[in-house]
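Everything on this sheet refers to the single structure shown next.
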Amino acid sequence: MSDIELTPVARAVMEKRYLACDNSGRVIETPEQLFHRVARAVAEADRMFDPGASVGQTVKKFESAMRSLTFLPNTPCLINAGRPMGQLAACFVLPVEDNLESIFQTLKDTALIHQSGGGTGFSFSRIRPRGDTIFPAFGVSGGPVSFIHLFDSATFIIDRNQVRPGANMGVLHVSHPDIEEFIRAKTQTLEMQNFNLSVAVDDRFIECLENGDDYPLVHSRTGAEVGKKPARKIMDMIAESAWKCGDPGILFIDRINRHNPTPGLGRIEATNPCGEQPLLAYESCTLGSLNLTRFVSGGGIDYARLEEAVELAVHFLDNVIEINRHPLRRIEEWTRTNRKIGLGVMGFADALIMMGISYQSEQALALAENIMSR
Numbered sequence: 041m042s043d044i045e046l047t048p049v050a051r052a053v054m055e056k057r058y059l060a061c062d063n064s065g066r067v068i069e070t071p072e073q074l075f076h077r078v079a080r081a082v083a084e085a086d087r088m089f090d091p092g093a094s095v096g097q098t099v100k101k102f103e104s105a106m107r108s109l110t111f112l113p114n115t116p117c118l119i120n121a122g123r124p125m126g127q128l129a130a131c132f133v134l135p136v137e138d139n140l141e142s143i144f145q146t147l148k149d150t151a152l153i154h155q156s157g158g159g160t161g162f163s164f165s166r167i168r169p170r171g172d173t174i175f176p177a178f179g180v181s182g183g184p185v186s187f188i189h190l191f192d193s194a195t196f197i198i199d200r201n202q203v204r205p206g207a208n209m210g211v212l213h214v215s216h217p218d219i220e221e222f223i224r225a226k227t228q229t230l231e232m233q234n235f236n237l238s239v240a241v242d243d244r245f246i247e248c249l250e251n252g253d254d255y256p257l258v259h260s261r262t263g264a265e266v267g268k269k270p271a272r273k274i275m276d277m278i279a280e281s282a283w284k285c286g287d288p289g290i291l292f293i294d295r296i297n298r299h300n301p302t303p304g305l306g307r308i309e310a311t312n313p314c315g316e317q318p319l320l321a322y323e324s325c326t327l328g329s330l331n332l333t334r335f336v337s338g339g340g341i342d343y344a345r346l347e348e349a350v351e352l353a354v355h356f357l358d359n360v361i362e363i364n365r366h367p368l369r370r371i372e373e374w375t376r377t378n379r380k381i382g383l384g385v386m387g388f389a390d391a392l393i394m395m396g397i398s399y400q401s402e403q404a405l406a407l408a409e410n411i412m413s414r
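In terms of this note's numbering, the sequence shown is residues 41 to 414.
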């Protein structure tokens with residue numbers, strides 16, 4: 041008898057996407073076996089730091105956290121840990137420079153990452169605007185949006201036979217001359233369904249917005265100012281497009297970089313597809329979530345247990361960096377050096393219901409701040 045609390049829908053999803061199958065597609069793994077497989081593979085990383093480590097005890101702790109649904113890692117880890125693919129990261133950011141060699145190298149790298157179960161983020165801000173002359177071919181550029189269509193099409197082709205479909209984040213800086221085309225891109229077509237889009241806005245744009253001023257547009261190749269647009273008009277376009285189709289979002293790029301933990305290694309220009317993890321080019325990140333409903337006790341949160349779980353989850357995610365079979369050598373180098381992990385929460389609304397707290401209340405906001413400060 042299983043001690044794992046799974047609804048029929050959850051069990052069906054596990055069978056379709058997570059549990060190991062034989063060559064005929066028949067499921068040959070139970071949820072219990074999946075969690076043991078993952079725990080054993082991830083715990084083995086302890087030996088890399090200490091050959092005498094008590095790996096067996098770590099396996100039990102990791103497995104217990106997952107079986108009780110207290111902690112769960114990202115999908116690639118659940119699918120691939122302890123199996124031949126071995127690619128465990130969910131999030132990647134790749135560079136896109138203003139030349140065909142870079143663009144198509146990144147497209148190739150993207151295909152390999154999607155094949156392994158990861159998602160990718162890009163800044164297309166360096167690509168010259170639509171209509172700009174290309175030397176020595178004497179052609180003209182199609183601009184950033186045309187290349188987003190290219191990446192979207194490639195993602196669609198790769199995704200057709202994948203258990204975990206690829207996803208992308210496309211970012212364009214608000215100063216780019218093609219910003220209006222970018223903002224409206226998904227309102228005018230049913231394509232680009234494999235992309236989230238976000239406008240990177242800086243502090244100067246926010247100041248112009250507040251003061252009702254024009255904001256300069258800067259040629260991405262030459263660095264020259266090529267025009268101005270009312271900041272409020274741009275923001276109205278963003279709001280209208282987001283209302284129509286859900287995109288674009290906004291990245292406060294200067295604020296992100298004020299909190300960049302490794303500013304000496306570069307400036308952050310993009311995030312993972314979901315937008316919660318800013319990364320440098322060629323960085324990857326492993327994600328995991330703690331289930332807050334498991335820490336509700338006596339009408340409140342058991343913070344002592346939560347802090348213990350945070351420590352265990354960080355141990356788990358840091359181990360993933362060591363055992364991960366990265367899809368590209370450069371990604372492996374940057375990831376092992378910078379060691380980005382993302383630990384979040386799930387079940388916040390459910391926990392509020394269990395504690396009798398209204399979701400929209402000041403009490404809920406204070407609780408969220410207290411939880412995330414741990």
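Note that CB positions come from ideal geometry on N, CA and C, so glycine has one too.
Owing to the predicted nature of the structure, the values given are computational and were not obtained by experimental measurement.
* Provide the residue span of the beta strand (DSSP E) that contains Y255, from first to last. => Numbered from 1 along the sequence shown, position 215 holds the residue referred to as residue 255. Membership of Y255 in the beta strand (DSSP E) is indicated by the continuous run 254 to 258.
* **Segments assigned beta strand (DSSP E), at least 3 residues, entirely inside the region 182 to 263** => DSSP runs (the beta strand (DSSP E)) wholly in the region 182 to 263: 208 to 213, 235 to 241, 254 to 258.
* **DSSP three-state assignment for N139, whether helix, strand or coil** => Taking the first residue of the sequence shown as position 1, residue 139 is located at position 99. Here DSSP, grouped into helix, strand and coil, assigns N139 to coil.
* **Q127 classed as buried or exposed, judged by whether at least 16 other C-beta atoms fall within 10 angstroms** => Numbered from 1 along the sequence shown, position 87 holds the residue referred to as residue 127. Flag for Q127 reads buried.
* To do: Taking only the alpha-carbon atoms, compute the straight-line gap between P256 and L212 and give it to the nearest angstrom.
  => Position 216 of the sequence shown, counted from the first residue, corresponds to residue 256. Position 172 of the sequence shown, counted from the first residue, corresponds to residue 212. When rounded, the distance between both Cα atoms is 15 Å.
* Provide the residue(s) that pair with S23 in DSSP beta bridges, ordered along the chain. => Residue 23 lies beyond the residue range present for the chain, which begins at 41 and ends at 414; the question has no answer from this structure.
* Is N63 buried or exposed, if buried means 16 or more other CB atoms sit within 10 Å of its CB? -> In the sequence shown, residue 63 corresponds to position 23, counting from 1. Answer is exposed; the Cβ neighbour count stays below 16.
* **E69 versus E280 - alpha carbon distance** => Reading the sequence shown from its first residue, position 29 is the one you call residue 69. Reading the sequence shown from its first residue, position 240 is the one you call residue 280. Rounded to the nearest angstrom, the two C-alpha atoms are 47 Å apart.
* In this structure, what does DSSP give as the bridge partners for E265? -> Within the sequence shown, the letter at position 225 stands for residue 265. Note: E265 sits in a beta bridge opposite V258.
* **Pick from M277, E351, I223, Y322 that is closest to S329, judged by C-alpha positions** => One-based indexing of the sequence shown puts residue 329 at position 289. Of the candidates M277, E351, I223, Y322, the one whose C-alpha sits nearest the C-alpha of S329 is E351.
* Kindly list the residues whose CB is nearer than 7 Å to the CB of A121, restricted to its own chain and excluding five residues on each side of it in sequence; keep chain order. => Counting from 1 along the sequence shown, the entry for residue 121 is found at position 81. R77, V78, A81, V82, L128, listed in sequence order.
* To do: For the region 274 to 300, list the alpha helix (DSSP H) runs that are entirely contained and at least 4 residues long, ordered along the chain.
  => Restricted to the region 274 to 300, the alpha helix (DSSP H) segments that are unbroken, complete and at least 4 residues in length are 293 to 298, listed in chain order.
* How would you call F89, buried or exposed, if buried means at least 16 neighbouring beta carbons within 10 angstroms? -> Position 49 of the sequence shown holds residue 89. So F89 ends up on the exposed side.
* Buried or exposed: C117, going by 16 or more other Cβ atoms within 10 Å of its Cβ? -> Residue 117 sits at position 77 when you count from the first residue of the sequence shown. Within a 10 Å sphere around the beta-carbon of C117 sit 16 or more other beta-carbons, which makes this residue buried.
* E402 classed as buried or exposed, judged by whether at least 16 other C-beta atoms fall within 10 angstroms -> As a working note, residue 402 is residue 362 in the sequence shown. By the Cβ-count criterion, E402 is exposed, with fewer than 16 other Cβ atoms from all chains shown falling within 10 Å of its own Cβ.
* Hey, would you say L327 sits closer than 8 Å to R414, going by beta carbons? -> Counted from its first residue, the sequence shown places residue 327 at position 287. Counted from its first residue, the sequence shown places residue 414 at position 374. Not a contact, by the Cβ cut-off of 8 Å.
* What separation, rounded to the nearest whole angstrom, lies between the Cα atoms of D243 and I278? -> The sequence position of residue 243 within the sequence shown is 203, counting from 1. The sequence position of residue 278 within the sequence shown is 238, counting from 1. Approximately 17 Å, taken between the alpha carbons.
* **Three-state class that DSSP yields for P270 in the structure shown** => Along the sequence shown, one-based indexing puts residue 270 at 230. The three-state secondary structure of P270, taken from DSSP, is strand.
* Around the C-beta of G183, are 16 or more other C-beta atoms found within 10 angstroms, so that it is buried, or is it exposed? -> Indexing the sequence shown from 1 puts residue 183 at position 143. Within a 10 Å sphere around the beta-carbon of G183 sit 16 or more other beta-carbons, which makes this residue buried.
* **Strand pairing of I119, partner residues [DSSP]** => Sequence index remark: in the sequence shown, residue 119 carries index 79 (1-based). Partner(s): none; I119 has no beta bridge.
* Which ranges would you report for the beta strand (DSSP E) in the region 143 to 179 if only whole runs of at least 3 residues count? -> Runs of the beta strand (DSSP E) spanning 3 or more residues and lying entirely within the region 143 to 179 occur at 159 to 163, in chain order.
* Through-space distance from D218 to D138, alpha-carbon basis -> Looking up residue 138 in the sequence shown gives position 98. Looking up residue 218 in the sequence shown gives position 178. Going by the C-alpha atoms only, they are around 14 Å apart.
* Asked: Between the region 243 to 254 and the region 265 to 278, are three or more C-beta pairs nearer than 8 Å?
  -> With the cut-off at 8 Å, the region 243 to 254 and the region 265 to 278 touch.
* Are the beta-carbon atoms belonging to F111 and A389 less than 8 Å from one another? -> Here residue 111 corresponds to residue number 71 of the sequence shown, with the count starting at 1. Here residue 389 corresponds to residue number 349 of the sequence shown, with the count starting at 1. Against a cut-off of 8 Å, the Cβ pair of A389 and F111 comes out as no contact.
* To do: Pick helix, strand or coil for L319, following the three-state DSSP scheme.
  => If you number the sequence shown from 1, residue 319 lands on position 279. Three-state DSSP puts L319 in a strand.
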